[in-house]
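**Q**
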Amino acid sequence: MSEAIKTDVLIIGAGPIGLFAVFELGLLDMKAHLVDILDKPGGQCAELYPEKPIYDIPAVPYITGQGLVEALMAQIKPFGATFHLGEMVETIERIGDPLFRVTTDRDKTFEVKLLVIAAGGGSFQPKKPPIPGIDAYEGKSVFYAVRRMEDFRDKRIVIVGGGDSALDWTLNLAPIAKSLTLIHRRDAFRAAPDSVNKMRALVADGKIDFLLGQISALEGPDGKLTGATVKRDDGSTLALACDAMLPFFGLTMKLGPVANWGLALQDGELITVDTATFESSERGIFAVGDINTYPGKLKLILSGFHEVALMAQKAHRYVFPEKRLVFQYTTSSTSLQKKLGVG
Amino acid sequence: MVKITYINVDGAPRTVEAEVGSTVMETAIKNGVPGIEAECGGACACSTCHVYVDEAWREKTGEPAPMEEDMLDFAFDVRPNSRLSCQIKVSDALDGLVVTTPERQG
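Going line by line, the protein sequences match chains A and B.
Using this note's numbering, the first residue of the first sequence is number 14, and each one after it goes up by one.
Using this note's numbering, the first residue of the second sequence is number -17, and each one after it goes up by one.
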């Protein structure tokens, strides 16, 4: 195991609320690292609606999802938070009061005084096609990501989808596959036009196949795929022999490992918190933004901003138990302005 | 007021009143109609408000725009009458509209 990264606070989720948590913690001298499963900061704002307008950020009549993320990134710049992107927190272990050891799916270890869960709707995970019995094949012959290309050498591969992931992997795996069939529901693709042209050239050269249709059934014993049934638009079906399948249907939000961390949850999916501190049932673990719940909760970005400000006050008491916290305004406090690099 | 009927996967219909100018998705959420998730809140960004438009209504609801077609790629069991309900605006012409929700949204 690699050496643990030590810091004051680990923020799980780099959406708008996780980002603003860096700001509020930073004003009170607490250092933060952020972990997010996406490969970019911004959470839903960046992944689901980067171009869509948001009209209810106070004093900002209109801003796009991506615009909000960029503005927050600029606002938290003085605090130099470290981002760990494309990673998911898997385990949390209490090793002090409060002190936590946290591990990610990339085998990174953190040792942090506090945790702030700002995981929104949960983590973005690949959408699973509703093909009967697909669970038995997952991780054995059905994969939602390619970790090692070599695993696919000399295999009969089926790739399903029409976006960049589907097309990129079609192009990357075609040279090493025994055979490769791309299946998409229509003869139009969201993927970059250049990738689409390259794919069509491979089809024209007879190097890969392209089929119009949708997968309706899988077959093969013990999770080992031997074939798939393709349903075509006209209702006819076609049997396709294959060893591996890669479905790319985008991402969906799932609560994920949060459910395993021993926190009190409402309806099994929202973390209950104290509204004075936004601390969960576990000392030193806070929950802010869409992932928490309390009487009157509204899933609004502005509510999340409020929550992190109060959270930071309680966090300060844990990180600096000997220090008295004096409430200050950024408008007038020279010490806060110094931290912001404007003093 | 315009009426919209949502038929669930078991064939059970539910008719609710819809406001002109709102969307078929918003009407479902407002009335607690099951089978429509609308994870992204109507941004045409997630495909979890997928519905099948009754054949008799396809002409009136129209065809999906290119962006909607792109998002439908993320839906399952897409058929020629598939639409994202957040992209169907309620109008007087749609009074009586019938849509069916799919087996699964995502």
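For each residue, glycine too, the CB sits at the ideal point set by N, CA and C.
(1) Taking the beta strand (DSSP E) that Phe318 of chain A belongs to, which residues open and close that run?
(2) Please list the residues of the region 19 to 41 of chain B that have a C-beta atom closer than 7 Å to any C-beta atom in chain A, keeping them in chain order.
(3) Near Met212 of chain A, what residues of its chain come up, given a Cβ to Cβ distance below 6 Å and the 5 sequence neighbours on each side ignored?
(4) For Glu85 of chain B, return the contacting residues in chain A, with the cut-off set at a CB-CB distance below 7 Å.
(5) What does a CB cutoff of less than 8 Å around Ile108 of chain A pick up in its chain, not counting 5 residues either side in sequence?
(6) Return helix, strand or coil for Met101 of chain A, following the three-state DSSP convention.
(7) Rounded to the nearest angstrom, what separates Phe137 of chain A and Leu283 of chain A at their Cα positions?
(8) For the beta strand (DSSP E) containing Gly240 of chain A, list its first residue and its last residue.
(9) State the beta-bridge partners of Lys71 of chain B as determined by DSSP.
(10) Identify the contact partners of Asp59 of chain B in chain A, using a Cβ-Cβ distance below 8 Å as the criterion.
(11) What is the residue span of the alpha helix (DSSP H) that Ile25 of chain A lies within?
(12) Which bits of chain A does Asp55 of chain B rub up against, with CB to CB less than 7 Å?
(13) Going by DSSP, what residues sit across from Ser64 of chain B in a beta bridge?
(14) Closer than 7 Å by beta-carbon distance: list the chain A residues that pair up with Glu45 of chain B, in chain order.
(15) Between B:Gly14, B:Val15, B:Thr(-13) and B:Asn63, which lies nearest to Glu41 of chain B when the distance is taken from Cα to Cα?
(16) To which residues does DSSP link Gly106 of chain A through a beta bridge?
(17) Do Val(-16) of chain B and Val89 of chain B come within 8 Å of each other at the CB atom, strictly closer than that value?
(18) Rounded to whole angstroms, how far is the Cβ of Ala322 of chain A from the Cβ of Glu37 of chain A, which I believe are closer than 8 Å?
(19) If the criterion is Cβ atoms closer than 8 Å, does the pair Gly133 of chain A and Gly26 of chain A meet it?
**A** The short version:
(1) From DSSP, Phe318 of chain A is part of no beta strand (DSSP E) but of the alpha helix (DSSP H) over Ile314 to Val332.
(2) Glu21, Cys22, Ala25, Ala27 and Cys28
(3) Leu180 and Thr183
(4) Pro143
(5) Arg114 and Glu124
(6) coil
(7) 16 Å
(8) Gly240 to Lys244
(9) B:Thr5
(10) Pro143 and Gln227
(11) Run containing Ile25 of chain A: none in the alpha helix (DSSP H); it sits in the beta strand (DSSP E), Ile18 to Ile25.
(12) Gly174, Gly175, Gly176, Arg198 and Arg203
(13) B:Tyr34
(14) Those within 7 Å of Glu45 of chain B in chain A number zero; the least Cβ separation is about 13 Å.
(15) B:Asn63
(16) In the sequence as displayed, the identity of residue 106 of chain A is Glu instead of Gly. The partner list for Glu106 of chain A (beta bridge, DSSP) reads A:Arg114.
(17) Because chain B spans -17 through 88 in this model, residue 89 of chain B falls outside it and cannot be assessed.
(18) 5 Å
(19) yes
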